[in-house]
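**Q**
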Amino acid sequence: MQSLLFLCLCLAGTALAAHGHPKGCKLPHVPRNGGLTCVTVNNTRYCKPMCNKDHDFEFLRRSRLFEKCGQSTGYHWTTQYIGGLRLADCSRSSVRVSGQPSAYFAEQCVRDNKKVYEEFWKEVNKAVLRPVSLHQECKKPHCTDPLVRC
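Right, here's the structure in full:
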C-alpha cells in the first residue's frame, strides 16, 4: 500500500503541520519569491521548488525537477546548497531559463497552486512511482487540504 501526503507551501516562514512526513526529514525552506510543492510517497518526501512570475532560479535546475529526503538520502535533502533546508531561491528576472517550464508559477503560488500541484503529481508519478496502481487510492491529488498554507 502506498502512503501519501500532499501539501503546498508558498509563503516564506510559513509553518505547516507535517503529518506523514518521513521521520528525520525537516520541512525545507520555501524559496524567496517562489514556493514549494511537496508530496510524500512511501516515507520519502519529494519537493519541487518553483519561482513566481518575473523570477528565475539562482542556480540551474533543468535536470533537478525536485529534491528528495528519506532513508535513501540519510534523511537529508538532496540540494545544491550546502548544509540544509534551502532547496532553491528565486531572483527577479525577465527571462526564465534555469528551470523546467513546469517549475514556474504563471503568477504567484497563492493563485496557481491547484494546477501546479496536479502537474507535480504527474511528474512524481512518472519519475518515482512509474505505473503503480496508485490511482485507485488517490484519484484527485490537489492542494486544498486544510493544512495547506499558501
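Using mature numbering (1 follows the signal peptide of the UniProt record, and there is no 0), the letters of the sequence shown correspond one by one to residues -17 to -1, 1 to 133. All residues carry an ideal CB built from backbone N, CA and C; glycine is no exception.
Are the CB atoms of K36 and E90 nearer to each other than 8 Å?
**A** The residue you call residue 36 lines up with position 53 of the sequence shown. The residue you call residue 90 lines up with position 107 of the sequence shown. Yes, they are a contact pair.
**Q** Grouping DSSP H, G and I as helix and E and B as strand, with all else coil, what is V80?
**A** In the sequence shown, counting from the first residue as 1, residue 80 sits at position 97. Three-state result, V80: coil.
**Q** Under 8 Å, do L19 and C30 count as touching if we go by C-beta distance?
**A** Counted from its first residue, the sequence shown places residue 19 at position 36. Counted from its first residue, the sequence shown places residue 30 at position 47. Their beta carbons are under 8 Å apart, which means L19 touches C30 by this criterion.
**Q** Look at M33 and A86 and say whether their C-beta atoms are less than 8 Å apart.
**A** Mapped onto the sequence shown, residue 33 falls at position 50. Mapped onto the sequence shown, residue 86 falls at position 103. Yes, they are a contact pair.
**Q** Count the other CB atoms, across all protein chains shown, that sit within 10 Å of the CB of C126; report buried if there are 16 or more and exposed otherwise.
**A** Indexing the sequence shown from 1 puts residue 126 at position 143. Here the model assigns C126 a pLDDT of 33, short of 50, so the residue's position is not dependable and the matter cannot be decided.
**Q** Can you tell me whether K6 is buried or exposed, with buried defined as 16 or more other CB within 10 angstroms of its CB?
**A** Residue numbering aside, residue 6 sits at position 23 when the sequence shown is read from its first letter. Counting Cβ neighbours within 10 Å, K6 comes out exposed, since fewer than 16 surround it.
**Q** Between which two residues does the beta strand (DSSP E) harbouring C52 extend?
**A** If you number the sequence shown from 1, residue 52 lands on position 69. It spans 50 to 52 - the beta strand (DSSP E) in which C52 sits, taken as one unbroken run.
**Q** Among the residues of its own chain, which have a CB less than 7 Å from the CB of F40, if the five just before and after it don't count?
**A** Against the sequence shown, residue 40 aligns to sequence position 57. Contacts found: C34, A71, C73, S81, G82.
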